[in-house]
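Student: Top to bottom, those sequences are chains Z and P.
So the first sequence is numbered by my numbering: it starts at 1 and just counts up by one.
So the second sequence is numbered by my numbering: it starts at 355 and just counts up by one.
C-beta atoms are modelled at their ideal positions from N, C-alpha and C, and glycine is treated no differently.
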Amino acid sequence: MTLQSQPSFVNASCPLPLPHDSRIVMGHGSGGRMTRDLIRQVFRPLFSNPALDASNDFAVLPSQDGKLVISTDNHIVSPLFFPGGDIGRLAVCGTVNDIAVSGAKPLYLTAGFIIEEGFLIEDLVRIVSSMKIALEESGVLIVAGDTKVVEKGKADGVFINTTGVGWRSNNLNIGGENAHPGDAVIISGTLADHGIAVLSARGDLALESSIESDVAPLNGLITDLLHSTPEIHVFRDPTRGGLATTLNEIAHQSHVEIVLDEKTIPISLPVKSCCEMLGFDPLYVANEGKLVIILPEKETNGVLDILKNHKYGGQAARIGSISEGKKPRVLLNTLIGGTRILDMLSGEMLPRIC
Amino acid sequence: MTFSQDDFRDSALVKTALDELKRITTRPWVIMEICGGQTHAIMQYGLDQLLPPSLELVHGPGCPVCVTPLELVDKAIAIAYHPDVIFCSFGDMLRVPGSNEDLFSVRAKGGQVRVVYSPLDAIQTAKDNPKKEVVFFAIGFETTAPVNAASVLQAENLGLNNYSVLVSQVCVPPAMEAILSSPLNRVQGFLAAGHVCSVMGYWEYLPLAEKYKIPIVVTGFEPLDLVSGILQTVRQLEKATYIVENAYSRVVTQLGNRSALTMINKVYIPVDRNWRGIGMIPLSGWGLRPEYAKFDAELRFDTSGIQVMESKICIAGEILQGIKKPFECPAFRVDCDPSRPLGAPMVSSEGACSAYYRYSSEGSN
């Protein structure tokens, strides 16, 4: 039979159901056939691994020596796609990094998607593909997942929850409570790239820039650092609230004073300029691919060497030190030789007037 | 010759200027920096700790959100609740407490409140939403006046009938005069606000310096600008001279920015203005000229019947006049912080209380 001889359905009296293959509709969250099709067509081909492919409501995973480390994070970002990344990469890296900074090796993630009715399936595929790239880079598997659809207007495109687990060797003791007087503070690279990239991509400040988010999985870098120096006391990723807020948390956990030297803190020129224009302090702006490392002073040079040879640590710098101090706080020695306190972020940062 | 910003943050140059300041300072002096941006720069760089101990810097009223009267904040809130309104504002203004709530709460309750960086973004919003009324909160000193005025002119050129402005436009020189004529005044020298002077020039300050026999030095915002401004002021105080000097000549001229001034004069006329915490100062601000009255949000929306109520504890008025320092307020860091501000100076990135909260350990436990 040739193509030309096929019957025409143009005037068919029985209406055919529309395929709904371009946008998410409520039926994709029904748990029925449409949900199954969405999983088969979008999620499974990209996330495929034996635990997920078993198609159970649970994943059975082998145990390992050491301690189980678990972390969860809800990821919301507007816009969903921004220079240097998207919500998918953010959802994988955010949780991978939260596990990795404990010194554990992150192994498995679960992913829960809340999708707004009308969301383009093409955009969902883009997000899931980006997650796959971040998963491959970090060597982590998604072993369980869930999808819900909410009515138009009840969500902002897509929200993603990821929960991660990893195993930490028994002889490691890394945490915010371990900063000691005499330790050095290192940052793995330039600050505030993520926050400013997202802000300028949002478009409502009519701000155009070439700034890219730093969103990246840091577990590889952390593994390299621990191989060479198991004596690291604290790893922390300075995400929301920025470096200043993260260091305040550590100062309180460890009851120490942290003193930073402003002129050593790496901030790229475009980010610095944007922050000055908007009245933002880059020390309070979010990062998604940076690492704070607190370690004995004698290990500093070795760790800086490793960082500078790693793709996520090229701009690393020693930015301060830990001292006994009268009370837990963070101080900044300014460019001109003054000293000021660096408090935690309070409320939302707002663009200034003039 | 061109300068890079880093030249004005160079620690060696700043130290040289500071050494000279120490050398010439023989007596205690009280100097007010007018602009909140300067207050923040001083605290941010820790410059206050590097000055000779006998110099006292007091912080002036140059924080636009701080001096916006409560009544207008309440009017803004009332307008923003209107279901057909998209209320656009500079970000700082959203957290300024009105009598009962702030613009953030309006947004949380479903009001359409948007942060814009420029009133021209509000014009775009009005173009994009022809069925909505777009209201811009046109607050600020002489620095925001040209662009706020430009938005009105643009709305007229575009024939936009759904754009209006809630004006709270204030001017620096009348506030300086109010401070100088107060019996409580302690200020002996002024750092005039560099950005304000970039628009207006500094001719307005000549009669003030003469009448009150006070040195006034136009000063910028980088550490070296600030130290140079202070140095020139102290030099005058030590020699008992009182002239207007320009320590920000890379940006400011005596006559100001002619095209900006033309725009201001086309749209605005001088009016009496209430200053939050200070009170009414005659001819201390601008209002829309009668020919632009159709863009006046106060005429377009009925905001009568608003009862204002200030916090009883907050001492913002005394802080804005340089009479008290933020840590002398009983509420500072106790009942008042940037996430729960009682007064506007704790909100703004130019407010003195927020500068002390963020950068200084004074008043902390």
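1) If you count every other CB in all the chains shown that lies within 10 Å of the CB of Z:LEU3, and 16 or more means buried, which is it?
2) Below 8 Å on the Cβ atoms is my guess for P:ARG540 versus P:VAL412; work out the distance and round it to an integer in Å.
3) Determine, for Z:LYS154, whether the minimum Cβ-Cβ distance to residues of chain P falls below 9 Å.
4) Tell me Z:ASP261's beta-bridge partners as DSSP assigns them.
5) Could you name the residues of the stretch 444-464 of chain P whose beta carbon sits closer than 9 Å to any beta carbon of chain Z, in the order they occur along the chain?
6) So what's P:ASN719 in DSSP terms, helix, strand or just coil?
7) Does DSSP put P:TYR622 in a helix, a strand or coil?
8) Which residues in chain Z have a C-beta closer than 9 Å to the C-beta of P:PRO577? List them in chain order.
9) Under 7 Å Cβ to Cβ from P:VAL427, same chain only, skipping five residues before and after it: list those, please.
10) Comparing C-alpha positions only, which one of Z:ILE187, Z:GLU116, Z:VAL149, Z:ASP53 sits nearest to Z:VAL234?
11) To the nearest angstrom, how far is the alpha carbon of P:ASP482 from that of P:GLY633?
12) Buried or exposed: which applies to P:THR370, given that a residue is buried once 16 or more other Cβ atoms fall within 10 Å of its Cβ?
13) Taking only beta-carbon positions, decide if Z:GLN4 is within less than 9 Å of chain P.
14) On a Cα-Cα basis, can you pick out the residue from Z:GLY195, Z:GLY182, Z:VAL140, Z:ASN170 that is closest to Z:THR162?
15) For a contact defined as C-beta to C-beta under 8 Å, what are the partners of Z:ASP343 on chain P?
16) Report the partner residues of Z:LEU295 according to the DSSP bridge assignment.
17) Which partner residues does P:TYR517 have in the DSSP bridge list?
18) With Z:ILE142 and Z:ALA111 assumed to form a contact (beta carbons below 8 Å), what rounded beta-carbon distance in angstroms separates them?
19) List, from N- to C-terminal side, the alpha helix (DSSP H) runs of 4 residues or more that fit wholly inside the stretch 30-90 of chain Z.
20) In chain order, what are the residue ranges of uninterrupted alpha helix (DSSP H) at least 4 long that sit wholly in the stretch 510-579 of chain P?
21) Taking only beta carbons into account, state which residues of the stretch 262-280 of chain Z come closer than 7 Å to chain B, listed in chain order.
22) Report the rounded CA-to-CA distance for Z:ILE258 versus Z:ALA184, giving the unit in angstroms.
23) Just checking my contact of Z:ASP193 with Z:GLU212 at CB under 8 Å: how many whole Å lie between their CB atoms?
24) Enumerated in chain order, which unbroken segments of the alpha helix (DSSP H) with a length of 4 residues or greater are wholly contained in the stretch 591-641 of chain P?
25) Cβ-heavy atom distance between Z:VAL292 and the ligand MN below 8 Å?
26) Please compile the residues from chain Z whose C-beta is within a distance smaller than 7 Å of the C-beta of P:MET397.
27) To the nearest angstrom, report how far apart P:VAL572 and P:CYS551 are at their CA atoms.
28) Classify Z:SER30: buried if its beta carbon has 16 or more other beta carbons within 10 angstroms, exposed otherwise.
29) Please say whether Z:ILE24 and Z:GLY88 have beta carbons closer to each other than 9 Å?
30) Note down, in chain order, all residues in the stretch 666-680 of chain P with a beta-carbon under 9 Å from any beta-carbon belonging to chain Z.
31) How would you list, in chain order, the residues of chain Z whose beta-carbon sits under 7 Å from the beta-carbon of P:CYS715?
32) Please compile the residues from chain Z whose C-beta is within a distance smaller than 8 Å of the C-beta of P:ARG363.
33) Could you give the first and the last residue of the continuous beta strand (DSSP E) run that contains Z:ALA111?
34) Within the continuous beta strand (DSSP E) that includes Z:ASP146, where are the two ends?
35) Using a Cβ cut-off of 9 Å, pull out every chain Z residue sitting near P:PHE369, in sequence order please.
36) Taking Cβ to Cβ, would you say Z:VAL165 is nearer than 9 Å to Z:LEU80?
Tutor: A quick look at the data gives this:
1) Within the first sequence, residue 3 of chain Z is the residue found at index 3, counting from 1. A caution first: Z:LEU3 carries a pLDDT of 49, below 50, which makes its placement in the model unreliable, though a value can still be read off. Exposed, because fewer than 16 other Cβ atoms sit within 10 Å of the Cβ of Z:LEU3.
2) Sequence index remark: in the second sequence, residue 540 of chain P carries index 186 (1-based). Sequence index remark: in the second sequence, residue 412 of chain P carries index 58 (1-based). Right, their Cβ atoms sit about 7 Å apart.
3) For the purposes of this step, residue 154 of chain Z is taken as residue 154 along the first sequence, with counting starting at 1. With 9 Å as the cut-off, Z:LYS154 does not count as an interface residue toward chain P.
4) Residue mapping note: residue 261 of chain Z aligns to position 261 of the first sequence, counting from 1. Answer is Z:ASN333, bridged to Z:ASP261.
5) PHE444, GLY445, ASP446, MET447, LEU448, ARG449, PHE458
6) Walking along the second sequence from the start, residue 719 of chain P turns up at place 365. Model confidence at P:ASN719 stands at a pLDDT of 48, short of 50, so the residue's coordinates are unreliable; what they give is reported in the following sentence. DSSP places P:ASN719 in coil when its eight states are reduced to three.
7) Within the second sequence, residue 622 of chain P is the residue found at index 268, counting from 1. P:TYR622: strand per DSSP, three-state reduction.
8) By 1-based counting over the second sequence, the position of residue 577 of chain P is 223. Near P:PRO577 (Cβ distances below 9 Å), the residues of chain Z are THR334, LEU335, ILE336, GLY338.
9) In the second sequence, residue 427 of chain P corresponds to position 73, counting from 1. VAL450, GLY452, listed in sequence order.
10) Residue numbering aside, residue 234 of chain Z sits at position 234 when the first sequence is read from its first letter. For the residues Z:ILE187, Z:GLU116, Z:VAL149, Z:ASP53, the minimum Cα distance to Z:VAL234 belongs to Z:ILE187.
11) In the second sequence, counting from the first residue as 1, residue 482 of chain P sits at position 128. In the second sequence, counting from the first residue as 1, residue 633 of chain P sits at position 279. When rounded, the distance between both Cα atoms is 39 Å.
12) Start at 1 with the first residue of the second sequence, and residue 370 of chain P comes out as number 16. Answer is exposed; the Cβ neighbour count stays below 16.
13) As a position in the first sequence, residue 4 of chain Z is number 4, starting the count at 1. Caution applies to Z:GLN4, whose pLDDT of 49 falls short of 50 and renders its modelled position unreliable; the model cannot decide the point.
14) By 1-based counting over the first sequence, the position of residue 162 of chain Z is 162. Closest option to Z:THR162, Cα to Cα, is Z:VAL140.
15) By 1-based counting over the first sequence, the position of residue 343 of chain Z is 343. Per Cβ cutoff of 8 Å: TYR711, ARG712.
16) Along the first sequence, one-based indexing puts residue 295 of chain Z at 295. Note: Z:LEU295 sits in a beta bridge opposite Z:ALA184.
17) Taking the first residue of the second sequence as 1, we reach residue 517 of chain P at position 163. Paired residues: P:VAL488.
18) The sequence position of residue 142 of chain Z within the first sequence is 142, counting from 1. The sequence position of residue 111 of chain Z within the first sequence is 111, counting from 1. Their Cβ separation, rounded to whole angstroms, is 5 Å, which keeps Z:ILE142 and Z:ALA111 in contact under 8 Å.
19) 33-38, 44-47, 50-53
20) 526-534, 548-554, 559-566
21) The chain inventory of the structure shown lacks chain B, comprising the protein chains Z and P.
22) As a working note, residue 258 of chain Z is residue 258 in the first sequence. As a working note, residue 184 of chain Z is residue 184 in the first sequence. So the two alpha carbons sit approximately 9 Å from each other.
23) Along the first sequence, one-based indexing puts residue 193 of chain Z at 193. Along the first sequence, one-based indexing puts residue 212 of chain Z at 212. Sure, about 7 Å apart at Cβ, within 8 Å.
24) 612-621
25) As far as ligands go, the structure on display features none, and thus does not contain the ligand MN.
26) As a position in the second sequence, residue 397 of chain P is number 43, starting the count at 1. Those within 7 Å of P:MET397 in chain Z are ARG340.
27) Residue mapping note: residue 572 of chain P aligns to position 218 of the second sequence, counting from 1. Residue mapping note: residue 551 of chain P aligns to position 197 of the second sequence, counting from 1. Using only the alpha carbons, I get a separation of about 7 Å.
28) Against the first sequence, residue 30 of chain Z aligns to sequence position 30. Z:SER30 should be labelled exposed.
29) Start at 1 with the first residue of the first sequence, and residue 88 of chain Z comes out as number 88. Start at 1 with the first residue of the first sequence, and residue 24 of chain Z comes out as number 24. No, the pair does not count as a contact, with Cβ atoms beyond the cut-off.
30) none
31) Your numbering for residue 715 of chain P matches position 361 in the second sequence. Sequence check: residue 715 of chain P is Ser here, not Cys. Correct list: ILE341.
32) Numbered from its first residue, the second sequence carries residue 363 of chain P at position 9. Chain Z residues near P:ARG363: LEU335, ILE336.
33) By 1-based counting over the first sequence, the position of residue 111 of chain Z is 111. That run of the beta strand (DSSP E) goes 105-116.
34) The residue you call residue 146 of chain Z lines up with position 146 of the first sequence. From DSSP, the beta strand (DSSP E) with Z:ASP146 extends over 141-150.
35) Taking the second sequence and counting its residues from 1, the one referred to as residue 369 of chain P is at position 15. This sequence places Lys at residue 369 of chain P; Phe is not what is there. In chain order: ILE336, GLY337.
36) As a working mapping, residue 165 of chain Z is identified with position 165 in the first sequence. As a working mapping, residue 80 of chain Z is identified with position 80 in the first sequence. Contact flag unset, no.
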